[in-house]
Amino acid sequence: MRVSLSLYVALSLVVLAGCGGKELVNLGDPRAPGAATDAGVATVTPSDTPGDPPDAPPVIETVLSGQTSPGRIAVGGDKLFFTSTEASDIERCNVHGKELVQLGLGAMPTTFAADAAGFYLASGTGLQGSALDGCSLQECDGFMPQFSVESVSSPTAVALSSTHVVWATADGNFDTTVWRAPRGLSKKYDAPVVAVAEKVVSLKDVRPYTFELDGEELFIGEGSGELAKVDLGTKSVKRGYMDPVGPVKLDATHLYFVDRKDGLKRSPRNGKPAELVWAMSQVDLIGQNAGVAAVGQNHVYLTLERGEGAQAAGRVVRVHKSTKAVTTLVSDAAGLAFGAYSDGYFYWSASRSGMIQRVRD
2 MRVSLSLYVA
12 LSLVVLAGCG
22 GKELVNLGDP
32 RAPGAATDAG
42 VATVTPSDTP
52 GDPPDAPPVI
62 ETVLSGQTSP
72 GRIAVGGDKL
82 FFTSTEASDI
92 ERCNVHGKEL
102 VQLGLGAMPT
112 TFAADAAGFY
122 LASGTGLQGS
132 ALDGCSLQEC
142 DGFMPQFSVE
152 SVSSPTAVAL
162 SSTHVVWATA
172 DGNFDTTVWR
182 APRGLSKKYD
192 APVVAVAEKV
202 VSLKDVRPYT
212 FELDGEELFI
222 GEGSGELAKV
232 DLGTKSVKRG
242 YMDPVGPVKL
252 DATHLYFVDR
262 KDGLKRSPRN
272 GKPAELVWAM
282 SQVDLIGQNA
292 GVAAVGQNHV
302 YLTLERGEGA
312 QAAGRVVRVH
322 KSTKAVTTLV
332 SDAAGLAFGA
342 YSDGYFYWSA
352 SRSGMIQRVR
362 D
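All residue numbers for the sequence shown refer to our numbering, where the first residue is 2 and numbers rise by one.
What follows is the structure, given as structure tokens:
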């Protein structure tokens, strides 16, 4: 299912104080920072911000081509997972585009997540997980879970920590409940581990389609102008205000988001004022979906989309964190684009082109 990205907008991190005043939100303490282009794939010359040193020219690699409407993607270990056929099916290959198998026909995922330990799939029938190698269509006739959660209804977002899977469910009033369950995978595909969901918190006016998990801290950045940081251990919540807010992406020291009035911004995780990283044009900000897709060690990656449905087109852009140099990776993504970052590479899909590509960060 393609989720609308019209919520991918944000303003600086402030919270409404008493008597109409505003103050900065403290959302946490700052952290210490921890071959040739494929034929037919154009490498675009970087268009750098005036006065900044040039960024290294990107070399774009095609991981897969000839796919049917590739959509949402996730990378775990050396495996890449993606939706196809108008987001109804799940497929898996390695990060070089080899060993392509179908995991589930008609799975209709609402979202999914992967890391080096496993792959977790959310759909209208619940939340399930498997090892990265999982079970191919040829081996066991579809996606066979080694993990499932009882009584889960259509999760809208899912994230993974080393010990837990965390997800959100929403009702018709844009209210969200955050849940978690211990991770665990059965050794047998016909006898999955059945976990019991633990309720963490309920939030008003927030409906996340993505969120960011860093240890015990969960950052939620979508809804009707709200930002929330949830401490999963204490089940405490800090609320902020961004007007409205899009997805928040993290690195060791900052939160990154798109402000519809100005462009790409970042705010230190200690809640200090946000800094404008890229002053985006109004064409990029108004009437289309603009969002931060991922944050790497050196760059911030954005997808900028115009139009909707089959006629949608857009760009994939990266911005250097230090120099703020802006590089257009793909000038027309040939459809709706999704992205994911893993092990020094940014991956993206383009629905109409049928390709999944990547670039080294």
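All C-beta atoms in this analysis are idealised placements derived from N, C-alpha and C, irrespective of residue type, glycine included.
For clarity, every value in this text was computed on a predicted model and none was experimentally measured.
Residue burial classification, residue i (beta-carbon count within 10 angstroms, cutoff 16)
| i | result |
| --- | --- |
| A294 | buried |
| S57 | The residue asked about is misnamed: residue 57 is Ala in this sequence, not Ser. By the 10 Å Cβ count, A57 comes out exposed. |
| E151 | exposed |
| F347 | buried |
| K205 | exposed |
| G340 | buried |
| G173 | exposed |
| W349 | buried |
| P183 | exposed |
| S282 | exposed |
Sequence-distant residues of its chain with Cβ nearer than 6 Å to residue i (five each side left out)
| i | result |
| --- | --- |
| P193 | P146, Q147, F148, S149 and S187 |
| M109 | S89 and S124 |
| V96 | D79 and L81 |
| T177 | A169, A171, L204, V207 and R208 |
| S155 | T111 and G125 |
| Y342 | A295 and G297 |
| G222 | L228, V246, P248 and V249 |
| I357 | V64, L65, P71 and S350 |
Same chain only: Cβ atoms within 8 Å of residue i, ignoring 5 sequence neighbours per side
| i | result |
| --- | --- |
| P34 | Because the pLDDT at P34 is just 34, under 50, the model does not fix this residue reliably, and the value given afterwards should be weighed accordingly. The answer, listed in chain order, is D252, A253 and T254. |
| A117 | G77, G78 and L133 |
| G345 | G297, Q298, R361 and D362 |
| T86 | T69 and S70 |
Pairwise C-alpha distance: residue j and residue i
| i | j | result |
| --- | --- | --- |
| K325 | S332 | 19 Å |
| V166 | V159 | 7 Å |
| Y190 | Q129 | 12 Å |
| A280 | A291 | 13 Å |
| G216 | S162 | 6 Å |
| Q68 | I91 | 12 Å |
| F220 | P269 | 14 Å |
| R267 | K239 | 18 Å |
| T84 | E100 | 16 Å |
| L330 | R93 | 24 Å |
| V153 | S237 | 23 Å |
| E199 | K273 | 33 Å |
| V60 | R359 | 9 Å |
| E306 | G127 | 30 Å |
| G119 | F175 | 30 Å |
| V318 | P248 | 16 Å |
| V231 | Y302 | 25 Å |
| S131 | T235 | 29 Å |
| V320 | L104 | 34 Å |
For residue i, the nearest candidate out of the options (CA to CA)
| i | options | result |
| --- | --- | --- |
| V284 | A114, S163, G264 and V238 | G264 |
| R316 | Q298, S352, A115 and V278 | S352 |
| G125 | T157, L104, L101 and A114 | T157 |
| V201 | G185, E218 and T211 | E218 |
| G185 | P59, T177, D176 and A196 | A196 |
| V327 | H300, G340 and W349 | H300 |
| V278 | K322, G98 and A182 | K322 |
| T304 | A338, W168, P274 and A275 | A338 |
| I74 | K273, D232 and Y121 | Y121 |
| L233 | K266, P209, C94 and W180 | W180 |
| V102 | S268, W168 and L65 | L65 |
| T111 | S282, A198, G355 and T211 | T211 |
| T170 | K273, A182 and S203 | S203 |
| G355 | V60, I61 and P71 | P71 |
| F82 | S154, E62, A114 and V60 | A114 |
| G98 | P248, W168, E62 and A198 | E62 |
| L1 | I357, K262, L104 and T86 | Residue 1 lies beyond the residue range present for the chain, which begins at 2 and ends at 362; the question has no answer from this structure. |
Beta-carbon proximity list for residue i, same chain, < 7 Å, skipping 5 on both sides
| i | result |
| --- | --- |
| K250 | E213, Y257, V293, A295 and V296 |
| T164 | P183 and R184 |
Heavy atom of the ligand ATP within 7 Å of residue i beta-carbon
| i | result |
| --- | --- |
| E199 | What this structure holds is no ligand at all, so the ligand ATP is not there to describe. |
CB contact check: residue i to chain D, cutoff 8 Å
| i | result |
| --- | --- |
| R240 | Included in the structure is just one protein chain, with no chain D present. |
Ranges of the alpha helix (DSSP H) found wholly within the region 167 to 255, counting only runs of at least 4 = none
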